[in-house]
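Visitor: For the sequence shown, numbering that gives the first Met the number 0 begins at 0 and goes up steadily by one. My questions will all concern the structure given below.
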Amino acid sequence: MQSLGDAIRKKMQNTSLQDQIDASRVVEIAEKAFASFFDQEKMAYIRPLFLKNRTLTVSCASSVIAQEIRLHHEDLVAKINEKLGKKEVDRIRYLS
0 MQSLGDAIRK KMQNTSLQDQ IDASRVVEIA EKAFASFFDQ EKMAYIRPLF
50 LKNRTLTVSC ASSVIAQEIR LHHEDLVAKI NEKLGKKEVD RIRYLS
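Written out as structure tokens, the structure reads:
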């Protein structure tokens, strides 16, 4: 007989709920990764929003900050994937 926790985990793996949880985790880890590259003043202008099709969408209130993110793009993606333990993010998309 299967435990309730195992049954719930199995059901979650078969639904998009797990995808939503994973995407939420990516956003949380992305915030920490951005904070390790940028100071608090710049972080006020940066906000990871969501993950879709392996693309992390980030809101940038400043074009200067968006350019800095572009410069660190590869390092940021690598750091996010490293903290996740798997390759979930391929690129970063910027909204201003």
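Backbone N, C-alpha and C fix where the C-beta goes; we use that ideal spot for every residue, glycine too. As the structure is a computational prediction, the values presented were derived from the model and not from experiment.
1) For residue 49 versus residue 22, is the C-beta spacing smaller than 8 Å?
2) Got a sec, what are the start and stop residues for the beta strand (DSSP E) residue 58 sits in?
3) Below 6 Å CB to CB, which residues in the same chain sit around residue 25 once its five sequence neighbours on both sides are set aside?
4) What are the partner residues of residue 49, as DSSP defines its beta bridges?
5) Per DSSP, what are the beta-bridge partners of residue 94 in this structure?
6) Please go through the same chain and pick out, in chain order, the residues whose beta-carbon is closer than 6 Å to the beta-carbon of residue 58, but skip the five residues on each side of it.
Guide: Let me spell this out:
1) Residue mapping note: residue 49 aligns to position 50 of the sequence shown, counting from 1. Residue mapping note: residue 22 aligns to position 23 of the sequence shown, counting from 1. In terms of Cβ geometry, residue 49 and residue 22 form a close pair [threshold 8 Å].
2) Reading the sequence shown from its first residue, position 59 is the one you call residue 58. Per DSSP, residue 58 belongs to the beta strand (DSSP E) from 54-59.
3) The count along the sequence shown starts at 1 and reaches residue 25 at position 26. When the five nearest sequence neighbours on each side are left out, the beta carbons in the same chain lying within less than 6 Å of the beta carbon of residue 25 are those of 50 and 87, in order along the chain.
4) To locate residue 49, count along the sequence shown from 1; it is residue 50. Its beta-bridge partners are 56.
5) By one-based count along the sequence shown, residue 94 stands at place 95. Note: residue 94 is bridge-paired with 58 in the DSSP secondary-structure output.
6) Numbered from its first residue, the sequence shown carries residue 58 at position 59. Excluding residues within five positions, the ones whose Cβ falls inside 6 Å are 46, 48 and 94.
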